[in-house]
Structure formats: structure tokens, C-alpha cells
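S.K.:
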Amino acid sequence: MIPGSGRNADEQHQGRERVKLDLDIEQFWKDEEHAHDENCFSKSAAQVALGIRMSDECVFAELGEEGHPWGYTDPVRRYDLNCRYNEKARKIVGRALLAENRPLPPEKRPKNSLPGVRQVPEFFGGQYVFDGNTTWLRGTIADEDALAEKLDEVEALLRDPWAFRSAVLPPDWDARKKAVFEETGRRPGMFGWFRGPCTMATSVFGVERMLYLYYDDEELFTRFADVLGDALVAYYDLMREEAGFTAESFPHGFSFADDDSNLFTPEMYHAFGYRVLKKVFAHCCPNPEDNRYQHSDSAMGHLIPQLADFHLTGCNFGPTVTVREIRKYMPHTRIDGQLAPFTFMRNVEEDIIAEIRRDCEQARENDARGLNLTTAGSINNGSLLTSMRVVMAAIQKYGRY
């Protein structure tokens, strides 16, 4: 048992062999220093890389505090929680893990800030709704006719770059951008992440309607994908310019988070999600070394052969997808996974060890490497530091190259 790791034997899941693992914590972090070299493929790495660094969500269960993991936390309280969490983390895993951002006093806080901009899903009928805890994307398009009309509107905007800019940026954007830069030296951030074409489509048009659309009107289905891809490229170019970069000099890369892609058959995905990714990756990150990332923490293994076409530099797929399965199609992609988030959150040592051993052994097959061991999805409140220590010990035991 790992010291301080939590549950007693009578609380463990039955059928799991109890394994005693020791952890040389100093040696672990020494080996970890180079485990991420060359995108986790370095031949000089001694062990599988550790991708788990916990998250701000985890402070509440760890410290026995009330709070909303996905909601707002006052900055002063957040600073206190993170400092206390890090003090505990140093004792259990040997490192501080969370940011300790001390809030500035009111008189030292920036006086100017950038206004919000219109997001891509809002052009397609999406509305962002705060439910008191977190914000969800909701749809307003009722049927195929309404979708076709919405696509007409977006296409008209895309034909006029100035109209598109005016639709994205608020009227006072230029003045406030100038004021922020003069006060802080900061420019607007790049646009390099999107929730994913399938997830956006099911959010704004509805899951059932979107899936039936493929069979009822495949032309409209693929048109939706083409207009969405064009909108993402236009949005990327606009925000690149606002960030101060040119078409010749900008940080290449783009990432998608497409959980609902698992709902699409391979044929559906090729007609929709694949079309969008192909257009965006070709425009934003065309070079072999550019960052191309896909997160889909769902049972989307049937889509891996298509995603392999994009030569992803990194991926984070659902817990039912194995390292071996990913590596079969993506020999050079860094795998961020594949520990099930709920396994990590339940804090049962034997279950965690079994999954880490499985993933490490598959990563070592044919000396493949490239595993950045983390959860196949979010790290949620309830995941304890003692479980992170178990992961570290299991890597040190089973993840040596």
C-alpha cells in the first residue's frame, strides 16, 4: 500500500490483486524532468511521462471545503485554497501543483479590460446560458429550414470581411484594445481552440436532429460542415490579426474538444467532422511540426482511423479506447491518457494500479513510447493527492523504459 493512500482493504473492490508499491519520490521527479522531451518520445527518457498535475476543481474534496468546482470562486478564497492545497501536495507528491495567484489590491488592478467578443457557435444560433454553476451552449434552430437560413446568413458575412469583423467585435473594441495595450502591454489572445464540430452541431441543432439530418438531407449536412469550417478559418485569421500577428508570422496550431464525435458513425463523421478538421488544420497548422490536437473523451475509437490522417501531435481520447488501439493508427502521436477519470476519482488503489500497469505495458510494446499518463478526460473534484501518488508509484514500477 502507498502510505497515506486512503481506503482500507475491506473497502477495496473485490477481485483486484493487492499490490504493494513503494515510491522513491526524489528519483521519480528526477526521471520526470526528461520524460516529456521530444513530445514524450525521447529515447533517453527513463520512464513514462506523468501528465497529471491535478486541477483547481480538486481543492474542495481534498481540503473538505464547500464550493462549486465548475463555478465561480472569489479570487481571495481561491488563493487561500490553492496555497493550502499546495502545502499538502508538497508532503504527499513532492511538488506544488496549482497556481498561487495572489489577488492585486484594488488600486493596483488594471483599469482597462477587453470586452467580450461574439463566439463562433453564436453565428449558428447558439446561446451561452449560465445555470448558476457553469455555462452551457444551447441551440435555437428548430428545423432544417431554419438551419439553411442560418447558413445563408453566415455565408453572407464571410463574403464581406469588414461585416464579419463588425459582427465578431463590439463597437468599442479598438479603443479598449488600445487602452489595454498601453496600460499593460498585453494584446488579445489567439484563437486556437474550439469545442469541436460535432459537439457544436449537436449543441446548436440538437442531437437527434443532427444525426437524422445525415439521412434526411446529406447535402445540408455537408454544407453545415463546410460553412462551419469557413467560419473557423475566418475567425482564426481575424483574431490572429487582432493579436498582432501576420499571415507569415504566427504561432501555428489548433486544438479541438469534440466529445460528441462518438455519436457519429464513420460515414457521418467523414461527411462532417472530418471535413471541418481537414480545412482548419490545413489552414492553421499545415507543417509537420505544427501542433494539431484532438480531445474526445468518449467512446470514439471507431473514428481513430480517420483522425490518423491528420498526423496529430497529441490526443486525449475516452477511457474505453486503449493505448494499443491508438498507437496502431497513430504511431507518432503523444497519447494523453488513458486512466479513466472515474477510476481516479474513486481513489481505489488496486483499480488505479491496474489501469496504469495496462497503459504502461502497452506504451512499452515495440518500444513505442509517447505516453503522457493522465486521465482520459477531466480531472474531477474528488480525485485525491494520494491517488496521484499511487499513479506515480505505478509508473515507477511498471512504466520504466
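Residue numbers (my numbering): 119 to 519.
In this text, a Cβ means the ideal position worked out from N, Cα and C, and glycines have one as well.
Since this is a predicted model, take the numbers as computed values, not measurements.
I'd like the list of long-range same chain contacts for Gly-307, defined as Cβ closer than 7 Å, with 5 residues on each side in sequence excluded.
M.R.: Looking up residue 307 in the sequence shown gives position 189. Closer than 7 Å at Cβ, skipping near neighbours: Ala-361.
S.K.: Going along the chain, which residues of its own chain have a beta-carbon closer than 8 Å to the beta-carbon of His-388, five neighbours each way excluded?
M.R.: Start at 1 with the first residue of the sequence shown, and residue 388 comes out as number 270. Result list for His-388: Gln-424, in chain order.
S.K.: Whole angstroms is fine: what's the gap from Leu-430's alpha carbon to Arg-393's?
M.R.: The residue given as residue 430 occupies position 312 in the sequence shown. The residue given as residue 393 occupies position 275 in the sequence shown. Leu-430 and Arg-393: Cα-Cα distance of roughly 15 Å.
S.K.: CA-CA distance, Asp-290 and Val-235?
M.R.: Taking the first residue of the sequence shown as 1, we reach residue 290 at position 172. Taking the first residue of the sequence shown as 1, we reach residue 235 at position 117. Computed Cα separation, rounded: 11 Å.
S.K.: Just the C-alpha distance for Lys-396 and Pro-224, rounded to the nearest angstrom, thanks.
M.R.: Taking the first residue of the sequence shown as position 1, residue 396 is located at position 278. Taking the first residue of the sequence shown as position 1, residue 224 is located at position 106. If I take the Cα positions, the gap works out to 46 Å.
S.K.: Would you mind working out which of Ser-379, Gly-371, Met-418 sits nearest Ala-400, comparing C-alpha positions?
M.R.: The sequence position of residue 400 within the sequence shown is 282, counting from 1. Residue Gly-371 is the option with its Cα nearest to Ala-400.
S.K.: Identify the continuous alpha helix (DSSP H) that holds Trp-188 and give its terminal residues.
M.R.: Stepping through the sequence shown from its first residue, residue 188 is reached at position 70. No alpha helix (DSSP H) holds Trp-188; DSSP gives it neither H nor E.
S.K.: For Val-286, tell me which candidate among Thr-320, Arg-313, Pro-233 has the shortest Cα-Cα distance.
M.R.: Start at 1 with the first residue of the sequence shown, and residue 286 comes out as number 168. Among Thr-320, Arg-313, Pro-233, the Cα nearest to that of Val-286 is on Pro-233.
S.K.: Which same chain residues end up closer than 6 Å to Ile-471 when comparing Cβ atoms and leaving out the 5 residues on each side of it in sequence?
M.R.: Within the sequence shown, the letter at position 353 stands for residue 471. Cβ neighbours of Ile-471 beyond the five flanking positions: Val-137, Ala-512.
S.K.: For the putative contact between Phe-382 and Phe-374, defined by C-beta atoms under 8 Å, what is the C-beta separation to the nearest angstrom?
M.R.: Along the sequence shown, read from residue 1 onward, the residue named residue 382 stands at position 264. Along the sequence shown, read from residue 1 onward, the residue named residue 374 stands at position 256. In fact, because the Cβ distance is near 14 Å, the residues do not count as touching under 8 Å.
S.K.: For Pro-437, count the other beta carbons within 10 Å of its own beta carbon; 16 or more makes it buried, fewer makes it exposed. Which is it?
M.R.: As a first step, residue 437 is located in the sequence shown; it is residue number 319 there, counting from the start. Classification of Pro-437: buried, given that the 10 Å Cβ count is 16 or more.
S.K.: CA-CA distance, Val-272 and Leu-346?
M.R.: For the purposes of this step, residue 272 is identified with residue 154 of the sequence shown, where counting begins at 1. For the purposes of this step, residue 346 is identified with residue 228 of the sequence shown, where counting begins at 1. Going by the C-alpha atoms only, they are around 9 Å apart.
S.K.: Quick check on Asp-454: buried or exposed, where buried means 16 or more other Cβ atoms within 10 Å of its Cβ?
M.R.: Taking the sequence shown and counting its residues from 1, the one referred to as residue 454 is at position 336. When all chains shown are included, Asp-454 counts as buried.
S.K.: What number of angstroms, rounded off, separates the C-alpha of Leu-350 from the C-alpha of Cys-478?
M.R.: Walking along the sequence shown from the start, residue 350 turns up at place 232. Walking along the sequence shown from the start, residue 478 turns up at place 360. Their backbone Cα atoms lie some 37 Å apart in a straight line.
S.K.: For Ala-365, count neighbouring C-beta atoms within 10 Å of its own C-beta (all shown protein chains included) and say buried if the count is 16 or more, exposed if not.
M.R.: For the purposes of this step, residue 365 is identified with residue 247 of the sequence shown, where counting begins at 1. Classification for Ala-365: exposed.
S.K.: What residue does the beta strand (DSSP E) around Thr-440 start on, and which one ends it?
M.R.: Sequence index remark: in the sequence shown, residue 440 carries index 322 (1-based). No beta strand (DSSP E) contains Thr-440, which DSSP labels as neither H nor E.
S.K.: When we look at the beta-carbon of Thr-302 and count the other beta-carbons within 10 Å, is it buried (16 or more) or exposed?
M.R.: The sequence position of residue 302 within the sequence shown is 184, counting from 1. Looking at its Cβ environment, which holds fewer than 16 other Cβ atoms inside 10 Å, Thr-302 is exposed.
S.K.: Mind checking which residues open and close the alpha helix (DSSP H) that includes Ile-471?
M.R.: Within the sequence shown, residue 471 is the residue found at index 353, counting from 1. First-last of the alpha helix (DSSP H) with Ile-471: 467–482.
S.K.: By the three-class DSSP mapping on this structure, what secondary structure does His-401 have?
M.R.: To locate residue 401, count along the sequence shown from 1; it is residue 283. Residue state, collapsed to three classes: helix.
S.K.: For a minimum of 4 consecutive residues, which ranges assigned as the alpha helix (DSSP H) are wholly contained in the stretch 156–230?
M.R.: 177–181, 193–210
S.K.: Out of Arg-475, Arg-442, Leu-276, point me to the one whose CA is closest to Leu-139's CA.
M.R.: Counting from 1 along the sequence shown, the entry for residue 139 is found at position 21. Checked all of Arg-475, Arg-442, Leu-276; the closest Cα to Leu-139 is Arg-475.
S.K.: Taking the alpha-carbon of Gly-243 as reference, which of Pro-228, Asp-261, Leu-216 has the nearest alpha-carbon?
M.R.: One-based indexing of the sequence shown puts residue 243 at position 125. Nearest of Pro-228, Asp-261, Leu-216 to Gly-243, Cα basis: Asp-261.
S.K.: Leaving out five residues before and five after Met-506 in sequence, what residues of the same chain have Cβ atoms less than 7 Å from its Cβ?
M.R.: Looking up residue 506 in the sequence shown gives position 388. Excluding residues within five positions, the ones whose Cβ falls inside 7 Å are Ile-170, Met-172, Val-211.
S.K.: Mapping the DSSP letters down to three states, classify Val-508 as helix, strand or coil.
M.R.: The residue labelled residue 508 in the question sits at position 390 within the sequence shown. If DSSP states are grouped into helix, strand and coil, Val-508 belongs with the helices.
S.K.: Taking only three categories from DSSP, how would you classify Gly-522?
M.R.: Outside the modelled stretch of the chain, which goes from 119 to 519, sits residue 522, for which no answer is possible.
S.K.: Between the stretch 143–156 and the stretch 193–212, do at least 3 Cβ pairs fall closer than 8 Å?
M.R.: yes
S.K.: So what does DSSP say about Leu-489, is it helix, strand or coil?
M.R.: On the sequence shown, position 371 is the one that residue 489 refers to. Correct three-state label for Leu-489: strand.
S.K.: Which residues in the same chain as Thr-252 place their Cβ atom closer than 7 Å to its Cβ, once the five residues preceding and following it in sequence are excluded?
M.R.: On the sequence shown, residue 252 is found 134 positions in, with the first residue counted as 1. Correct list, in chain order: Trp-188, Gly-189.
S.K.: Comparing C-alpha positions only, which one of Leu-356, Tyr-203, Asp-270, Ser-501 sits nearest to Pro-459?
M.R.: Position 341 of the sequence shown, counted from the first residue, corresponds to residue 459. Considering only alpha carbons, the answer is Ser-501.
S.K.: DSSP three-state label for Tyr-387, please.
M.R.: Residue 387 sits at position 269 when you count from the first residue of the sequence shown. DSSP places Tyr-387 in helix when its eight states are reduced to three.
S.K.: Beta-carbon within less than 8 Å of Gln-245's beta-carbon, same chain only, minus the 5 sequence neighbours each way: which residues are those?
M.R.: Translated into the one-based positions of the sequence shown, residue 245 becomes position 127. Hits under 8 Å: Leu-255, Arg-256, Gly-257, Thr-258.
S.K.: Pick from Thr-340, Pro-449, Trp-280: whose alpha carbon is nearest that of Arg-482?
M.R.: Here residue 482 corresponds to residue number 364 of the sequence shown, with the count starting at 1. Measuring from the Cα of Arg-482, the nearest candidate turns out to be Pro-449.
S.K.: By Cβ distance below 6 Å, which residues in the same chain neighbour Val-247 in space, the five residues on each side in sequence not counted?
M.R.: Counting from 1 along the sequence shown, the entry for residue 247 is found at position 129. Hits under 6 Å: Trp-254, Arg-256.
S.K.: Candidates Arg-410, Glu-300, Ala-266: which alpha carbon is nearest Arg-341's?
M.R.: Working through the sequence shown from its first residue, we reach residue 341 at position 223. The shortest C-alpha separation from Arg-341 is found at Ala-266.
S.K.: Would you mind stating whether Gly-488 and Arg-452 have Cβ atoms separated by less than 7 Å?
M.R.: Within the sequence shown, residue 488 is the residue found at index 370, counting from 1. Within the sequence shown, residue 452 is the residue found at index 334, counting from 1. It is a contact, given that the beta carbons lie within the stated cut-off.
S.K.: Using the beta-carbon count (16 or more within 10 Å), is Arg-518 buried or exposed?
M.R.: On the sequence shown, residue 518 is found 400 positions in, with the first residue counted as 1. It is exposed - the Cβ of Arg-518 has fewer than 16 other Cβ atoms within 10 Å.
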